[in-house]
Structures are given as C-alpha cells and as structure tokens.
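Number of protein chains: 2
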Amino acid sequence: MKRVGIRDVASRAGVSMSSVSNALNRPERVSDEIVERVRAAVADLGYVPLQAAQQLRIGRSGLLGMTVINITNPFFGDLVSGAEDATGSSGARVLVGNSDDDEKKERDYFELFKRVQVEGALVSPFGDAGEALARELGRSVPVVLVDRVDDEGVLDSVSFDDVAGGRMAAEHLIELGRTRLAFIGAREEVRQVRERLAGARDAVARHPGVRLDATWIPRTSAEYGVGVGIMIAGLPPGERPDGIVTTNDHLACGVVHGLLRGGMRVPDDVAVVGYDDIEFAAVAAVPLTSVRQPAREMGRVAAQQLLRLVSGEVQATGRSIRFEPELAVRASTVGYR
Amino acid sequence: MKRVGIRDVASRAGVSMSSVSNALNRPERVSDEIVERVRAAVADLGYVPLQAAQQLRIGRSGLLGMTVINITNPFFGDLVSGAEDATGSSGARVLVGNSDDDEKKERDYFELFKRVQVEGALVSPFGDAGEALARELGRSVPVVLVDRVDDEGVLDSVSFDDVAGGRMAAEHLIELGRTRLAFIGAREEVRQVRERLAGARDAVARHPGVRLDATWIPRTSAEYGVGVGIMIAGLPPGERPDGIVTTNDHLACGVVHGLLRGGMRVPDDVAVVGYDDIEFAAVAAVPLTSVRQPAREMGRVAAQQLLRLVSGEVQATGRSIRFEPELAVRASTVGYR
DNA sequence: CATTTAAGAGCCGCTGCCTGC
DNA sequence: GGCAGGCAGCGGCTCTTAAAT
Chain R
1 MKRVGIRDVA SRAGVSMSSV SNALNRPERV SDEIVERVRA AVADLGYVPL QAAQQLRIGR
61 SGLLGMTVIN ITNPFFGDLV SGAEDATGSS GARVLVGNSD DDEKKERDYF ELFKRVQVEG
121 ALVSPFGDAG EALARELGRS VPVVLVDRVD DEGVLDSVSF DDVAGGRMAA EHLIELGRTR
181 LAFIGAREEV RQVRERLAGA RDAVARHPGV RLDATWIPRT SAEYGVGVGI MIAGLPPGER
241 PDGIVTTNDH LACGVVHGLL RGGMRVPDDV AVVGYDDIEF AAVAAVPLTS VRQPAREMGR
301 VAAQQLLRLV SGEVQATGRS IRFEPELAVR ASTVGYR
Chain G
1001 MKRVGIRDVA SRAGVSMSSV SNALNRPERV SDEIVERVRA AVADLGYVPL QAAQQLRIGR
1061 SGLLGMTVIN ITNPFFGDLV SGAEDATGSS GARVLVGNSD DDEKKERDYF ELFKRVQVEG
1121 ALVSPFGDAG EALARELGRS VPVVLVDRVD DEGVLDSVSF DDVAGGRMAA EHLIELGRTR
1181 LAFIGAREEV RQVRERLAGA RDAVARHPGV RLDATWIPRT SAEYGVGVGI MIAGLPPGER
1241 PDGIVTTNDH LACGVVHGLL RGGMRVPDDV AVVGYDDIEF AAVAAVPLTS VRQPAREMGR
1301 VAAQQLLRLV SGEVQATGRS IRFEPELAVR ASTVGYR
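Residue numbers (this note's numbering), protein chains in the order written: chain R, 1 to 337; chain G, 1001 to 1337.
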C-alpha cells in the first residue's frame, strides 16, 4: 500500500500542493474554503506529513534526545516522565535512549541524536567518559546534564546535592546516638556515590568519637544486601556497625532483611538508611528511612531549561541547579514510636 | 556552526560525493585507497549522515516504535530492555513512547510513528480503544501486540497467560486450605485484570466450599494497599478472607503491611499472593509469594517476531504466543518453614 | 575494445519564496 | 491586493554516463 503524499491530497482537494501546505501550516494565508476542502481530503486519505521531508526542508526535527543509565530503575523512569511533562505542551518529542551502564551504548545514542538532528539533549551520563562525550555533543546542540554537575563548568546541569544527601543520612544516625557507621555501596567510580560518601564523612568528621567505614559490593541489589546484612549480623558486637548508610533502597531493604534473619533488631541494634525513597520503602519489613529525591520534578526542570536553551531564550552558562534531597524518617532508624 | 555534509567530506577527501556515499555504504565498489581517504575525512570533520535525508531517499527509517503504558513501572522497563536486546544487533532503533494510561497520548504516539515512518511497532495497548488503534496502525506497518491478545485475531501478539496466572494464585491458596478468598485489584476494565480474576474464579469453581469476592480500589499503590489491609484486619473473623489474590506486588506489600498493623498474622490468619515478582518481593515485610512474569524475555521475543515481520520473512497470522507465568512461593502464603 | 572505477545529475516529500491573476 | 500556484532546494543516494586502464 503506497504512502499518501501531499500530492494525493492536492489532487483530491482539487488544489495545488502549496495550498495544501499552506492550509495545514498557515491557514490564515488561505481562504476558508480551501482550508475546509484540504481538511476533508486529509481526513479521507488519512494523510500524515512525513517528518523526514519536513525536517530536511525546515532544518529542524522537533526532537529532544535523552539518555538515562537504566530505564528499569523507577528513579530514571520518573526522570523521563518529568521531562515529558515539561515538553508535552511545547510540541517537542523526547527520544529516550537507555544507555544501560554501557559507554558504547551511550556513544551510539549520541550518534543517533546527531543523525536525527535532535535540537537539544538531556543527558544523565555514565562515568566520566560519558561526561566528556556529553560535552562534545554540547558543541553542536544545547545539552543539559541531569543528575550530574559538569566538572568543567561548560554545560548547564540539574542535579541533586548528593553531598547533602550523604551528610543528611549520617547526621541523622549520629543524632540518634550511633557511633559506628558503615557506608555500603557499589561502584565507587560513580560520582553520586562518591559525593554521598564525602557527605557522610563530612558529618562524621564533625563528631569526634564517631567513625565510618565504607564497604563496597558488586551490585546494589536486594540480593547482595541480604548477604551483607547476614554478614554484619555475624560480626562480634564490638566490630559491628550500629548505623548503616546505603546508596539505594533495594540494597537497604536487603540489608535489613539480612540483619533480621541474622537475629539483629532494627533499629535497636542496627539502624539503616536507604536512598531514593521508592514507593516500597514505606511498606518494607521495617519501614525504611530514606533520602528522597524528587526525580520527576528534576526531570521537569531540566527539560524546561533545555527548552529555553533550544529556543535561544537563554544562553548556556554552566549554571548548576541543585535540588536538595529530603530525609523521609521511618522505623528503620527511629523504630515505631 | 554549520553542519558538515557529504559535500564537505568529498572536497576534503578530494573525491566526488558519490564516492563518499559508496565508500561508506558499499566499500567493495570503490578502491581501498578512496575508502581510506574518505574514512579519514569523515573522522576529521566528524561527519554524521543525516538520517532525514537518507530516509527520504531510501524510503526506510530503520526505526521501530514501541508504546508502553507506564514506563515508571519496572515491568515495562524490562519489556523495553528486552526489546532493545533483540533489536540491538539488527541495526534497528526503538522509539519508545510512554502512553501513561492515556488514550490520547497513545494516539499521538501512533501518529508520530507514522510521521517518522517506523517500520514496525510493538504496542502494549491501553484499553480496548487502544487495541482498535493498534489494529489501524497495523494496516500500514507490521504491529505486534505485547502483553495482550488481539480480540479479532488480526495482529500477532506476545503475552502472558493471565487466566493461568490468576488460576495459579487461587489454586495455591486453595491447596493451602484457604476457603474465603478475596481478589483485590483496580480497573476492572483492564483486560489482564479481568483475565486474572476469571482464572481465579475458575479455580474456585472447581472446589466446592471455596468462595471468592472481588474488591475494587482506585489505584494499585502500596498506600491504598495499606488501607485495604487495615480494613480487612478490622472485619469480624467470619467475614474476613483468609487468602488474598492481588494484581500487583506494590499493592500486595501494602496489604500485608496493613494486615500486620491491624494485628493479623501473615500467612497464619491471612495469606497473600502478589503479582509481578518484583525484586522487592523477596525482601518484603513478609517475603511475598508472587506470580512471576519474565517480562524481559517477552520483550525480546516480541521484538524478534516484529523483526521477522518487518523483513518480510514471515507474514502476520494473528498468531498468539503465550508465556506461562510461574509462582514464586514465599512466606506470605506458606510461612517460614 | 572490454572492464573497472569515478563523476554527474536527478529525485525522495515537503515548504516557502515569488509570481501572476 | 488578497490568494492560489509554480518552482527551487534541503542532503543524501543511486542510476547513468564518462573516463581511465
């Protein structure tokens, strides 16, 4: 079945091709009668203009690119939803690429973005190489970094204050009288993780007598968390941490589970703080205290900023918008009270 | 900064435009020396062919469309990941649209798919109207329904056997000696939900003395689940269900939480079965028995089938591939044993 | 003179300027 | 002068033609 083109619409409506184009794009330049005839023909034939041809002619695609590290993680799902919220009314479409923790995939998506001439991109880079790639992409189209700050201050960014998040979590435990803290995470090379650790260290440094040890595990899954929890429960009381900061709620829930299975009481023996405040946190084995990051809101703000850059309304200044995380306090640190 | 085109590459390499095109797309037709010169020029200039121009000329976009109901739900995230797994090697790209439970958004995405000339689409339709829309889209490009069967037997589909899933959950509870079952879900109009209920009813019908009541709530969130759980805990023992089938793990965890808070023992007083077997299920307050659906695998199979349709290797036959769900049995029904 | 290899020109569908009624 | 239509061209690809070996 052949595609119906503007030609077919024109002959059906008994007008010229340019009148069809005008009727569709600038109806005020054409008589009402023609607009009506064209509309009818379009409806009859089910005509849909071909984006590729329009784009080639106009030089603009109406597309924004967005890469996220792992679409399966609800945090990034929220980010995408937020971005779509913001672009919805502008007519721009978001082309989402799942880089899946893989630098090559990220690179491929950036090339796709160039191929399809995205007018701007929201990038949540994976690793430092990703950041450099994003800067390179930024030399041809506006780019806003998401959940990450540009080290070189070139690209605008919207992110969470991870140092504050880590500090907040540790501070909370210290206030509750905990003195032997543990930080459990995977992938120290991820900037957000490093910053959270730095924040936690900062809080500890201000309180003499409190110590913090970092433990690194292969992945932040619930499964690994269970193992770590059991391991901690098995330590001699003097070596066992009494407060744990984690980098992710799945991990934290696993840890709590492991601790309970190992005979610990949570939070009496060990208090646990998660990160992300996923929906599940509130109904976990022991409802989980967690650092909440309003991801959807952040996605929205990032997209708004990008749209402003694309429209030329503002210029990129390397400005960084930082969202403050909030601590959702629940039983895993303060018990049921 | 002007875009670099094939023209620029040609003059830089000192060859004609067509040689550049040949060197890039059919290197065997051109001498090795030219291929090398072109490659160098492409690298120097950072040339990336414009997809719109290629598409306009070739008539193909290399894109597949995919709509999902809610990208924030890890189930759909997995579906997308699976589809990307399958298309990765073929060179096709997946354009993902989040229909967000909204028929209008779905319609918009279908129009976008036509505009960009996707070569095929994976559609996980929202409601019956969505199914009709998908069939219409199916008249111009190959479409495979995902997580849904075509009522009219026109479109190929890949889905889970929801009747079996519902039956499995109820059967499990009945085998454990439960006789007063409750089915808790939202949105009876969603086919998957109706089928699960039908499956559960079917299991109950085969066992005289067992009854099943359906309860409908506004949304399947953990929060609503907590409310329902507390409500059930407050019922007089004779009216209270002793086994609950839910349509979603978040909901199920909330229900368990509400039951516990209301003083019930799980599973002793009330057993609960979830749906989806999310990562969290294993580390929930009471580890959750849940119906597992291998979503990523399904996404992969659906995409493979679509690729076969697109390549013309096979014809659409309205054939339905059904995946059998599996029951992950945990403490919320059988206790710790 | 036959055969390989490179150059040239038109076209894909649509828009927007510009002409002409 | 308001409104309809003709025509060129966006950037690649590919067929045709020309040149070189």
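Cβ atoms here follow ideal geometry from the backbone N, Cα and C, with glycine treated the same way.
Neighbours of R:A282 across chain G, judged by C-beta separation under 7 Å: A1222. Excluding residues up to 5 positions away in sequence, L212, D213, A214, T215, I232, P241, G243, I244, V245 lie with their Cβ nearer than 8 Å to the Cβ of R:A182 in the same chain. In this structure, G:G1185 keeps its C-beta atom at 8 Å or more from the C-beta atom of G:G1229. Check the Cα spacing between R:T179 and each of R:G227, R:D269, R:V255: the tightest is with R:D269. Per DSSP, the unbroken alpha helix (DSSP H) holding G:I1006 starts and ends at 1006-1013. The continuous beta strand (DSSP E) containing R:A214 extends over residues 211-216. Assigned with DSSP and collapsed to three states, G:I1184 falls in strand.
Between the beta-carbon of R:A282 and that of R:R330 there is about 7 Å, and that keeps the pair under the 8 Å contact cut.
In the DSSP assignment, G:D1156 falls within the unbroken beta strand (DSSP E) covering 1156-1160. Sequence-distant partners of R:L197 (beyond 5 residues in either direction) whose C-beta falls short of 8 Å from its own C-beta, in its chain, are G166, F183, G185, E188, A214.
According to the DSSP secondary-structure assignment, R:T246 is paired through a beta bridge with R:I184. Taking a Cβ-Cβ cut-off of 8 Å, the neighbours of R:G254 in chain G comprise V1283, given in sequence order. G:V1226 is positioned such that its CB atom lies closer than 8 Å to that of G:H1257. Between the C-alpha atoms of G:T1317 and G:P1142 there is a straight-line separation of about 11 Å.
For G:T1317, the nearest beta carbon of chain R is not closer than 8 Å to its own beta carbon.
The beta strand (DSSP E) runs lying completely inside the stretch 26-98 of chain R and spanning 3 residues or more are 63-68, 93-98, given in chain order. Taking the Cα positions, G:S1016 is about 13 Å away from G:A1041. In the three-state reduction of the DSSP assignment, G:A1271 falls in the strand class, which pools E and B. Close CB contacts of G:E1195 within its chain, under the 7 Å cut and outside five residues either way in sequence, are with D1162, V1163, G1166 (chain order).
When C-beta distances to chain G are compared with 7 Å, the residues of the stretch 30-59 of chain R below that value are V48, P49, L50, Q51, A52, A53, Q55, L56, in chain order. About 7 Å separates the beta carbons of R:H172 and R:V273, which is inside the 8 Å limit, making them a contact pair.
For R:Q117, the residues of chain G that pass the 9 Å Cβ criterion are R1003, L1050, Q1051, A1052, in the order they occur in the chain. The beta carbon of R:L155 sits no closer than 8 Å to any beta carbon of chain G.
R:S19 carries a helical assignment under DSSP once its states are collapsed to helix, strand and coil. Between G:G1082 and G:A1302, the alpha-carbon positions lie close to 9 Å from each other. Residues are counted here when their Cβ sits less than 7 Å from a Cβ of chain G; for the stretch 94-126 of chain R these are L95, V96, N98, E111, L112, K114, R115, V116, Q117, given in chain order. Of all residues in the stretch 72-95 of chain R, only T72, N73, P74, G77, D78, V80, S81, E84, R93, L95 place a beta-carbon less than 8 Å from a beta-carbon of chain G. Only buried fits R:G97, as 16 or more other CB atoms lie within 10 angstroms of its CB. Excluding residues up to 5 positions away in sequence, D277, S290, R292 lie with their Cβ nearer than 6 Å to the Cβ of R:A328 in the same chain.
The beta carbon of R:V228 does not come within 8 Å of any beta carbon belonging to chain G, so the residue lies off that interface. Identification of chain G residues near R:E326 by a Cβ-Cβ cut-off of 8 Å yields none; the smallest Cβ-Cβ distance measures about 18 Å. For R:A328, there is no enclosing alpha helix (DSSP H); the residue is found in the beta strand (DSSP E) stretching over 326-328. The three-state secondary structure of R:G227, taken from DSSP, is helix. Between the stretch 132-142 of chain R and the stretch 1068-1080 of chain G there are fewer than three inter-stretch CB-CB distances shorter than 8 Å, so the stretches are not counted as touching. Residues of the stretch 1191-1208 of chain G with a C-beta atom less than 8 Å from some C-beta of chain R do not occur. Interface flag for R:E297 against chain G is unset, since no Cβ pair is found closer than 8 Å.
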